[in-house]
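See below for the structure under consideration.
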Amino acid sequence: MPRRKPAAGRPQRRKDVRHGEPGDAFRCVGCRLDVPVHAPGTAHRNHCPNCLTSRHVDHRVPGDRRAACRGRMAPVSVTVRDDGEWLIIHHCQSCGGLSANRIAGDDNALVLMRIAMRPLSGDRLRTGALLAL
Numbered sequence: 008m009p010r011r012k013p014a015a016g017r018p019q020r021r022k023d024v025r026h027g028e029p030g031d032a033f034r035c036v037g038c039r040l041d042v043p044v045h046a047p048g049t050a051h052r053n054h055c056p057n058c059l060t061s062r063h064v065d066h067r068v069p070g071d072r073r074a075a076c077r078g079r080m081a082p083v084s085v086t087v088r089d090d091g092e093w094l095i096i097h098h099c100q101s102c103g104g105l106s107a108n109r110i111a112g113d114d115n116a117l118v119l120m121r122i123a124m125r126p127l128s129g130d131r132l133r134t135g136a137l138l139a140l
């Protein structure tokens, strides 16, 4: 997957900064799975690779861990950048905030596709309309 241009990106913490030791893990607030801190493809693990649920820990910059909310963030949508990179849109169930998080290499592909297909599964959109395209 191609990377974004460094000059066009938002500010982030340095990529060499890791939270915790290599053996550290955190417990998912959604499925209660023990999740390793390190993730392939991203420097800041911020969601469970199994259910894609997150905790509201970052305030403004990815990896800053300065949010005071600490609420449960449910995955509501998926978006794609111009370079083809996928992002998960999370909605905080405590404060109502939205955030976009990069997917990691070990994320559950079936759950990602279910979230991506949600807009097409509504009652208003029939299968015949999709086939007519």
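26 is the number that the numbering used here gives to position 19 of the sequence shown; each next residue is one higher, with no gaps. Think of the CB as a built atom: it goes at the ideal place given N, C-alpha and C, for glycine as much as any other residue. This one's a predicted model, so the numbers in the text were calculated from it and none came from an experiment.
Cys58 versus Pro82: straight-line alpha-carbon distance, rounded: By 1-based counting over the sequence shown, the position of residue 58 is 51. By 1-based counting over the sequence shown, the position of residue 82 is 75. For Cys58 and Pro82, the gap between their C-alpha atoms comes out near 9 Å.
query: Among Gly48, Gly103, Cys102 and Cys99, which has the Cα closest to the Cα of Trp93?
result: Locating residue 93 in the sequence shown gives position 86, counting from the first residue. Trp93 has its Cα closest to that of Gly48, out of Gly48, Gly103, Cys102 and Cys99.
query: For Val44, which three-state DSSP category applies?
result: Sequence index remark: in the sequence shown, residue 44 carries index 37 (1-based). In this structure, DSSP gives Val44 a state outside helix and strand, which the three-state scheme calls coil.
message: Between Ile122 and chain B, is any beta-carbon pair separated by less than 7 Å?
response: Going by chain labels, chain B is absent from the structure shown, which holds only one protein chain.
message: As a quick exercise: from His51, Leu40 and Arg34, pick the residue whose alpha carbon is nearest that of Arg109.
response: Translated into positions along the sequence shown, residue 109 becomes position 102. That would be His51, whose Cα lies nearest to the Cα of Arg109.
message: I need the boundaries of the alpha helix (DSSP H) containing Ile122, first residue and last residue.
response: The residue labelled residue 122 in the question sits at position 115 within the sequence shown. Per DSSP, Ile122 belongs to the alpha helix (DSSP H) from Ala116 to Met124.
- prompt: When burial is assigned at 16 or more other CB atoms within 10 Å of the CB, is Ser61 buried or exposed?
  reply: As a working note, residue 61 is residue 54 in the sequence shown. It is buried - the Cβ of Ser61 has at least 16 other Cβ atoms within 10 Å.
field: Residue interval of the beta strand (DSSP E) (run including Ser84)
entry: The sequence position of residue 84 within the sequence shown is 77, counting from 1. The continuous beta strand (DSSP E) containing Ser84 extends over residues Arg79 to Val87.
task: Compute the distance between the beta-carbons of Ala111 and Ala46, then report whether it is under 7 Å.
output: For this step, residue 111 is matched to residue 104 along the sequence shown. For this step, residue 46 is matched to residue 39 along the sequence shown. Yes, these two residues count as a Cβ contact at 7 Å.
Residue environment, Met124, which counts as buried when at least 16 other CB atoms sit within 10 Å: Within the sequence shown, residue 124 is the residue found at index 117, counting from 1. Exposed, since its Cβ has fewer than 16 Cβ neighbours within 10 Å.
task: Would you kindly report the start and end of the unbroken beta strand (DSSP E) that includes Ile95?
output: As a working note, residue 95 is residue 88 in the sequence shown. It spans Trp93 to Cys99 - the beta strand (DSSP E) in which Ile95 sits, taken as one unbroken run.
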